Amino acid sequence: MELKEAVYGRRSVRKYNDKQISDTDLQEIIDAGLHAPSAVNLQHWYFVVCKSEDAKSRLSKIMGGSIFGLKKVLNNRFGNHPEVIEETVNFVKSMGNANVIILTFLQKEEYDGHEGIMGAIESSAAAMENMVLTAYSKGISSCWLTAPIHVEDELRKEFAPGKGRLMAAITLGYSDSKPKMPKRKDGRYIII
Ligand SMILES: Cc1cc2nc3c(=O)[nH]c(=O)nc-3n(C[C@H](O)[C@H](O)[C@H](O)COP(=O)(O)O)c2cc1C
């Protein structure tokens with residue numbers, strides 16, 4: 035698949051069917067993350083790839099606790115769109131029946147100064163973008179979500195003790211439907 039097709043075609047998908055992701059495809063998605071650029075080549079990411087039923091059920095138990103904080107954020111942003119709030123809450127509770135969920139933590143608890151912290155965040159975001167685009171190129175849908183940050187402490191304790199902060203999660207799976215692209219806003223760049 036052309037890169038352009040992946041960049042324009044990828045959508046955040048919040049409902050998956052039961053089809054399994056093959057080990058080869060999953061490994062290639064992880065490898066794409068590992069090949070992202072990173073500030074001073076620190077490769078700041080630490081991925082916890084939840085694939086087993088046991089890991090996913092431990093994760094969804096903890097995710098249930100995020101709903102209260104999440105609803106507050108959603109009410110502020112989508113107060114006039116209760117259907118969006120409902121869809122997102124249902125998605126976060128069940129992770130959309132995703133076949134695999136990747137939790138992206140930082141490798142270390144501390145980075146040096148503002149530049150160090152920004153470098154860690156941006157590098158892990160680059161890795162996540164590589165993963166969602168690679169998934170899309172294989173016909174695998176995804177959603178990048180920061181909602182799990184509402185239960186960051188619990189997730190760190192359960193899945194990544196001694197590692198750094200939780201950046202986000204990525205759900206992965208096959209889907210029977212493709213959402214429409216949310217409108218892109220005007221006035222978000224300037225060429226000078
Ligand atoms: C940093 C980040 C955090 C996000 N967090 C959530 C989330 O918590 N829950 C969710 O349902 N979608 C989440 N999304 C997906 C966005 O809602 C989605 O990217 C946006 O609506 C644009 O849609 P598109 O991805 O289909 O282009 C997140 C995306 C990004 C990049």
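In this note's numbering, the protein residues as written are 35 to 226.
Glycine included, C-beta positions come from ideal geometry on N, C-alpha and C.
These numbers were taken from a predicted model, which means no experiment stands behind them.
What residues match up with residue i in a beta bridge as DSSP calls it?
i: residue 93; result: BP columns for residue 93 are empty, so no partner.
i: residue 80; result: 139
i: residue 207; result: 175
i: residue 202; result: 138
i: residue 128; result: DSSP output for residue 128 lists no bridge partner at all.
i: residue 46; result: 176
With a threshold of 7 Å on Cβ separation, who are the neighbours of residue i within its own chain once the five nearest residues in sequence on each side are excluded?
i: residue 54; result: 133
Who are the near neighbours of residue i in its chain, counting only those whose CB is closer than 6 Å to its CB and skipping five residues on each side?
i: residue 153; result: 73
i: residue 83; result: 136
Can you say whether residue i is buried or exposed, counting buried as having 16 or more other CB atoms within 10 angstroms of its CB?
i: residue 201; result: buried
i: residue 165; result: buried
i: residue 111; result: exposed
i: residue 126; result: buried
i: residue 102; result: exposed
i: residue 48; result: buried
i: residue 104; result: buried
Give me, in chain order, the residues of the same chain whose beta-carbon lies closer than 8 Å to that of residue i; leave out the 5 immediate sequence neighbours on both sides.
i: residue 108; result: 118, 119, 122, 123
Assuming residue i and residue j are in contact, meaning their beta carbons sit under 8 Å apart, how far apart are those beta carbons, in whole angstroms?
i: residue 249; j: residue 191; result: There is no way to answer for residue 249, as the model of the chain reaches only from 35 to 226.
i: residue 76; j: residue 157; result: 7 Å
Inset, instruction - Pair every Cβ in the region 92 to 103 with every Cβ in the region 155 to 169, then say whether three or more of these pairs are closer than 8 Å. - result: no
Inset, instruction - Evaluate the contact criterion for the region 211 to 226 versus the region 39 to 53: three or more CB pairs, one atom per stretch, below 8 Å. - result: yes
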